[in-house]
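In what follows, a structure is listed as structure tokens, so that the remarks can point back to it.
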Amino acid sequence: MTRADAEVFLGRRYLAKGFVEDAMRVFLQHPDSVATEDWQRLRDGLLERGRITDAVSVCRLGKIPVPQQQLLELGDEYLRRGEIDRAIDIYDLVEADRDRWERVVDRLIEYPDRQQQARSIATRYLDNPRPQEAPTSPPLKTTT
215 MTRADAEVFL
225 GRRYLAKGFV
235 EDAMRVFLQH
245 PDSVATEDWQ
255 RLRDGLLERG
265 RITDAVSVCR
275 LGKIPVPQQQ
285 LLELGDEYLR
295 RGEIDRAIDI
305 YDLVEADRDR
315 WERVVDRLIE
325 YPDRQQQARS
335 IATRYLDNPR
345 PQEAPTSPPL
355 KTTT
């Protein structure tokens, strides 16, 4: 067993005992020696603890799927409960669809002190109008 393999073994033991921080530290030091299942268990442990950003980073480093649907649903729940900033963070991490960003803007404009943030989000995520909302130009006049 190489030193890296021994370290990853220890990381697995940390993870089995619920020490996700220690497991993450070890796995990040030896990413090529970590099995896909270990990355997935680490991701799940991080998600259980609400460490969304770390979980997404682990997914990218471990080349495992980001649980996008699960995170979008979590963001939706945060938005429903009025935890707008948490929803924004999640939507930004997982590249939420236009409808979700529109709901965020709708919630933000309810607060006068958050209108600038609503404007910024609209500019960043909703800049291109939907096809049915696209302004129509009058036909060009032709001269003969």
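If you're matching positions, the sequence shown starts at 215 in the working numbering and goes up one per residue.
Virtual Cβ for every residue (Gly too), placed ideally from N, Cα, C.
Since we're looking at a predicted model, the values are computed, not measured.
For residue j and residue i, believed in contact at Cβ under 8 Å, the rounded distance
i: E309; j: L340; result: With a Cβ gap of about 14 Å, E309 and L340 do not count as contacting.
i: R328; j: L322; result: 5 Å
i: L293; j: I266; result: Not quite, the Cβ-Cβ distance comes to about 14 Å (not below 8 Å), so this is no contact.
i: G259; j: L229; result: 6 Å
i: V318; j: I304; result: Contact doesn't hold; Cβ gap of about 11 Å is too wide.
i: V234; j: R263; result: 7 Å
i: I278; j: R257; result: 7 Å
i: W253; j: V272; result: 6 Å
Cβ shell of residue i (< 6 Å), same chain only, five flanking positions each side left out
i: H244; result: A218, E221, V222
i: L261; result: A269
i: L307; result: V270
Cβ neighbours of residue i in the same chain (closer than 7 Å, five flanking residues each side left out)
i: L354; result: Only weak support exists for where L354 lies, its pLDDT of 49 falling under 50; the coordinates are left without a value.
i: L224; result: V240
i: S247; result: A218, D219, V222
i: R300; result: Y292
Contact set for residue i: own chain, Cβ-Cβ below 8 Å, skip 5 residues either direction
i: L242; result: L275
*asked:* As an exercise, report each continuous alpha helix (DSSP H) stretch of at least 4 residues that is fully enclosed by the region 273–354, in chain order.
replied: 282–294, 298–307, 312–322, 329–339
*In the region 230–270, which residue ranges form an unbroken alpha helix (DSSP H) of at least 4 residues, counting only runs that do not cross its ends?*
234–243, 250–262
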